[in-house]
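The structure appears below as structure tokens.
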Amino acid sequence: MRLLTAFAIGLVFGVGIAISGMMNPAKVLNFFDLAGTWDPSLAFVMGGGLLVAIPGYRMVLGGPYPTFEPRFQLPDTRVIDRRLVLGSGVFGIGWGISGFCPGGALPALGTGKPEVFLFVTALIGGLLLARGIQSRGLRTKAST
Amino acid sequence: MVTEFTPWQSLGGGVLIGLAAVLLMALHGRILGATGILGGLMRFNDPADWRLRAALLAGMASGPLVLLGLTGQVPAVDIPISNLAIVLGGVIVGVGVSYGGGCTSGHGICGNARFSRRSMVATASFMVTAFATVYVTRHLIGG
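These protein sequences, in sequence, are chains A and B. Sequential numbering from 1 applies to the first sequence in my numbering. Sequential numbering from 1001 applies to the second sequence in my numbering.
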């Protein structure tokens, strides 16, 4: 049952991403191209998402606990540090270069387009690279 | 390449994305972030958790197929850039979201929806650099 609901939720997300235009690099890059072929559509994606998620989260998180779990898993970090700001800034650079973000690319895998697989492979490479650098950093810290 | 302004589709798609985020929190108590889902699939120490993420991913990738069934068309994925740019962008996105702790879905929708200050800062940061990057690639070096 848990896997079935997870699949269904993934499907709602995937259909939403596909309809919204977020899986289409041409549209994403045009959203960022204010000085050129600007297409403001994607502002409506975040607008629509927040329109539902703000009241929805308020209602759900005001309740006792999720259906299948004993508690809500929410990030407990509150700090705004260089890591957050620079990491997100670097993400934006990659998004601006490729037109793909992870949430757009994962549903786009279903189109079977080879470029999407290329992007997701490179994305996994980047995640592993960062993980490698971070674990090396921890080892260095521990040894000093 | 000019793309058509699609406010209603984009709004409707956004509503579904928000709905999926709320449902995942209500049923499974989790943030719906693509970075987190993919990152978790690269760890193998919790089989139940891995299966849940795999089910989410399978559902996401089925989205275009369902639309193909309903409309007879695969949703558009138009790529106006080189394969080199795709690979370069992919690696940079992977590193960035690892350090930034999330992407457009996790910070942009889920985090902002619960008014997390971290997510608001992250969203501002990646939007600014994405606008700047496209300006540079299309108007300064690309032309």
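For glycine and all other residues, C-beta sits at the position ideal for the given N, C-alpha and C. Since we're looking at a predicted model, the values are computed, not measured.
Against chain B, the CB of Asp76(A) has no partner CB under 8 Å away; the residue lies outside that interface. Only those residues of the segment 93 to 111 of chain A whose C-beta falls short of 7 Å from the nearest C-beta of chain B are listed: Ile93, Gly94, Trp95, Gly96, Ile97, Ser98, Gly99, Phe100, Cys101, Pro102, Gly103, Leu106, Pro107, Ala108, Leu109, Gly110 and Thr111. Under the 10 Å beta carbon count, Pro70(A) is surrounded by fewer than 16 other beta carbons and is classified as exposed.
Of all alpha-carbon atoms in His1028(B), Ala1020(B) and Ser1010(B), the one lying nearest the alpha-carbon of Leu11(A) is that of Ala1020(B). The DSSP-derived three-state label of Tyr65(A) is coil. Boundaries of the alpha helix (DSSP H) harbouring Met1060(B): Pro1047 to Thr1071, taken from the DSSP string. Cβ contact annotation for Asn1112(B) (same chain, cutoff 7 Å, sequence separation greater than five): Ser1119, Met1120 and Thr1123, in chain order. Per DSSP, the continuous alpha helix (DSSP H) segment holding Arg82(A) begins and ends at Arg82 to Ser98.
Only exposed fits Ser135(A), as fewer than 16 other CB atoms lie within 10 angstroms of its CB. Around the beta carbon of Asp81(A), fewer than 16 other beta carbons sit within 10 angstroms, so the residue counts as exposed.
Sequence-ordered contacts of the segment 49 to 68 of chain A with chain B read Gly49, Leu50, Leu51, Val52, Ala53, Ile54, Pro55, Gly56, Tyr57, Arg58, Met59, Val60, Leu61, Gly63, Tyr65, Pro66, Thr67 and Phe68 [C-beta pairs closer than 9 Å]. If you draw a straight line from the Cα of Met1060(B) to the Cα of Gly14(A), it comes to about 4 Å. In this structure, Ile1017(B) lies near Ile1109(B), with their beta-carbon atoms less than 8 Å apart. Taking CB atoms only, Ser20(A) has a neighbour in chain B less than 8 Å away.
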